[in-house]
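For the record, in the sequence shown the residue sitting at position 38 is 429 according to the working numbering, with numbers rising by one throughout.
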Amino acid sequence: MVFYFKARPEAGDYTIFMGLDKYENEDLIKYGFPEDIWFHVDKMSSAHVYLRLPKFQTMDDIPEGVLEDCVQLVKANSIQGNKLNNIDVVYTPWQNLRKTASMEVGQVSFHNPKMVRTVRVEKRINEIVNRLNRTKVERKPDLKAEREAVSAAEKAERKQQLREKKRREEMERLEKERQTELRSYKNLMVAEKMTSNKNIASTGKSLQELEEDFM
Numbered sequence: 392m393v394f395y396f397k398a399r400p401e402a403g404d405y406t407i408f409m410g411l412d413k414y415e416n417e418d419l420i421k422y423g424f425p426e427d428i429w430f431h432v433d434k435m436s437s438a439h440v441y442l443r444l445p446k447f448q449t450m451d452d453i454p455e456g457v458l459e460d461c462v463q464l465v466k467a468n469s470i471q472g473n474k475l476n477n478i479d480v481v482y483t484p485w486q487n488l489r490k491t492a493s494m495e496v497g498q499v500s501f502h503n504p505k506m507v508r509t510v511r512v513e514k515r516i517n518e519i520v521n522r523l524n525r526t527k528v529e530r531k532p533d534l535k536a537e538r539e540a541v542s543a544a545e546k547a548e549r550k551q552q553l554r555e556k557k558r559r560e561e562m563e564r565l566e567k568e569r570q571t572e573l574r575s576y577k578n579l580m581v582a583e584k585m586t587s588n589k590n591i592a593s594t595g596k597s598l599q600e601l602e603e604d605f606m
């Protein structure tokens, strides 16, 4: 079971979600999207909360209000963290999560600790938590199938981009050949013109006399 929430609507269309338990978290870790940002209470047990960003956005683009929604939801879903003030919540891109076979279920570390950010949460804000809970929807998604579908679409897009690149390169090559041929033709015409002028000069006749001879 995965729980989905809608962040404050004035900030845009942002979806927040979390697993039912640590076993569900394993699938979320395994089948996440590159656009997912992972949140967790630092040094305490808590839900694994994710924010799915629009494509091409990064952690730097998260609106302040949406960030506040995420950290409040994490705090509210931590047994210990929910009772305390001034706790820290860490967040990082899904791709920075590191999972090894020796780790316990639901446990993760990071590939690059420098990509992990920390937010101090002073206290629980019930107004935010209650608003998020009113948008809560439970689903049983096939996370593997969803990830495979996205991967297939991304692969098809890369192939299309490669075909477009090759087409542009071929057009550029043909245009370059055409320009080279045009320059060669122009040089040939200039050479012929120079030869004709030399022939005229060698006759000792004026252009008018030559035209009269032709007539």
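Glycine included, each C-beta is placed from N, C-alpha and C at the ideal position.
Quick caveat, the model's predicted, so the values are computed rather than measured.
Just the Cα atoms here: how many angstroms apart are residue i and residue j?
i, j, result
"GLY456", "ARG399", "7 angstroms"
"LEU601", "MET562", "Low local confidence applies: a pLDDT of 45 at LEU601 is under 50, so the model's placement there is unreliable, with the coordinate-based value given in what follows. If you take the alpha carbons of LEU601 and MET562, they lie about 48 angstroms apart."
"GLU426", "PRO532", "18 angstroms"
"MET494", "ASP452", "32 angstroms"
"LYS608", "ILE478", "For residue 608 there is no data in the structure shown, the boundaries of the chain being 392 and 606."
"THR406", "TYR414", "21 angstroms"
"ILE420", "LEU442", "13 angstroms"
"GLU548", "GLU555", "10 angstroms"
"LEU488", "SER500", "6 angstroms"
"TYR482", "GLU560", "42 angstroms"
"ILE519", "ALA492", "37 angstroms"
"ALA438", "GLN552", "39 angstroms"
"MET409", "LYS550", "33 angstroms"
So, is the C-beta of residue i closer than 8 angstroms to a C-beta in chain D?
i, result
"PRO454", "In the structure shown, chain D cannot be found, because there is only a single protein chain."
With which residues is residue i paired in a DSSP beta bridge?
i, result
"PHE501", "LEU488"
"MET494", "DSSP output for MET494 lists no bridge partner at all."
"MET409", "PHE394, VAL440"
"GLU529", "PHE394"
"VAL541", "Partner(s): none; VAL541 has no beta bridge."
"ILE478", "VAL512"
Buried or exposed: residue i, going by 16 or more other Cβ atoms within 10 Å of its Cβ?
i, result
"GLN471", "exposed"
"ALA467", "buried"
"PRO484", "buried"
"GLY403", "exposed"
"LEU458", "buried"
"SER436", "exposed"
"TYR576", "exposed"
"GLN463", "buried"
Just curious, the alpha helix (DSSP H) that residue i is in, first and last residue?
i, result
"LEU464", "455-467"
"ARG511", "Counting along the chain, ARG511 falls outside any alpha helix (DSSP H), though it belongs to the beta strand (DSSP E) covering 508-512."
Per DSSP, what kind of secondary structure is residue i in: helix, strand or coil?
i, result
"GLY472", "helix"
"ARG399", "coil"
"ILE516", "coil"
"THR483", "strand"
"LEU601", "Note on LEU601: pLDDT 45, under 50, position unreliable in the model; the coordinate value appears next. DSSP places LEU601 in helix when its eight states are reduced to three."
"ASP427", "strand"
Looking at the secondary structure, which residues open and close the beta strand (DSSP E) in which residue i lies?
i, result
"LEU442", "440-443"
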